[in-house]
Amino acid sequence: MSDSPEQQPAQPQPFVPPVAPPLFAPQQAYPQQQAYPQQQPYPQQQAYPQQQPYPQQQPYPQQYGVAPGPGWAQAAPQPPRSRALGIVSMALALAVFVLSVVASTIVGAAAGPLARRTATSFSFNTGSLSPEQAEAFAPIGVLMGAQMLLGTLLGIVALVLGIVAVATKRGRPFGIVGIVAAAAAPIVSFIVYTVVLAASVPA
C-alpha cells in the first residue's frame, strides 16, 4: 500500500437549468438633471423724482378789442301809422248811413199817399199812378234811384276801407265804426222806409 492519501470521489453538482436571456434589456434611467439655481430677484428700481409742474404761462396782453358777437339788432321803433284811412272809412260810412235814412224817410212819406191798403198789407206800384201822380212822384223816383245806386256803391267802399284800416292798424277804432255803419245803413234805411210808408198810407 502506498502512503498517498486515498482520494475521495467528487460529489456530483446539482443541475441548474439554463436561463433564457430577456427579450428587451431594461433601459437605463437618465441621470436626474440638476436643478438650476434660483434666480435672484431684480433689484427694485428707484422711483423717478416727481417732475415739477411747468409754470403757468402768462396770457398775452390783449392788443385789439374783441369784436362783439353777432346778435339781433334791436328793431327801431316804428313811427305811428296814419289814422287817415280809418277816419275816411268812418266818415264815408256815417254819411251814407245818415243820407240813406233821410232819403228813405222822404221816399216813404211821398209814396205812402199813393199806396193801396189791403186787408193784410199794403202795396205801392208806380204803374197804377195817373199822369198827374206820376209827374209829381218823378223827383221822388230819382231820389230813390240815387239812394239805391250811390248808397250801395259808397257803402261798399266804406266797408272795404274800414276792413283795411283795421287789418293794417291805420285808425283801427275809426275803421270799426266805419264797418258797422256801412253794414247797418241798408238795413236801417229799409226799416225806416217801411215804417214811414205804412204810417202815411190812407185808410
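For the sequence shown, the numbering used here assigns the number 15 to the initial residue and increments by one for each residue that follows.
Backbone N, C-alpha and C fix where the C-beta goes; we use that ideal spot for every residue, glycine too.
No experiment lies behind these values; they were computed from the predicted model shown.
Close-in-space but distant-in-sequence residues of the same chain around residue i (CB under 7 Å, 5 per side omitted)
i: valine 178; result: Leu99
i: alanine 235; result: Summary: the structure shown does not reach residue 235, with the chain confined to residues 15 through 217, and so no result is reported for it.
i: serine 16; result: Unreliable positioning characterises serine 16 in this predicted model, as indicated by a pLDDT of 48, which lies under 50. A coordinate reading is not provided.
i: glutamine 147; result: Leu128
i: tyrosine 207; result: Ser118, Val121 and Gly122
Close beta carbons around residue i, own chain, < 6 Å, minus the five adjacent residues each side
i: leucine 108; result: Ala195
i: glycine 192; result: Ser103, Met104, Ala107, Ala172 and Gly176
i: glycine 169; result: Val110, Ala196 and Ala199
Expected contact under 8 Å - CB spacing of residue i and residue j to nearest Å
i: glycine 126; j: valine 210; result: 7 Å
i: proline 190; j: valine 180; result: According to the sequence shown, residue 190 is isoleucine rather than proline. Correct: roughly 6 Å between the Cβ atoms.
Classification of residue i by the beta-carbon crowding that lies within 10 angstroms, buried from 16 upward
i: leucine 128; result: buried
i: valine 112; result: exposed
i: alanine 213; result: exposed
i: isoleucine 205; result: exposed
i: isoleucine 101; result: buried
Sequence-distant residues of its chain with Cβ nearer than 8 Å to residue i (five each side left out)
i: glutamine 161; result: Leu113, Ser114, Ala117, Ser118, Val121 and Ser203
i: serine 96; result: Arg184 and Gly185
i: glycine 165; result: Val110, Leu113, Ser114, Ala117, Ala199, Pro200 and Ser203
i: glutamate 149; result: none
Which whole runs of the alpha helix (DSSP H) in the region 125 to 198 are 4 residues long or more, in chain order?
145 to 181
Evaluate the contact criterion for the region 157 to 166 versus the region 181 to 191: three or more CB pairs, one atom per stretch, below 8 Å.
no
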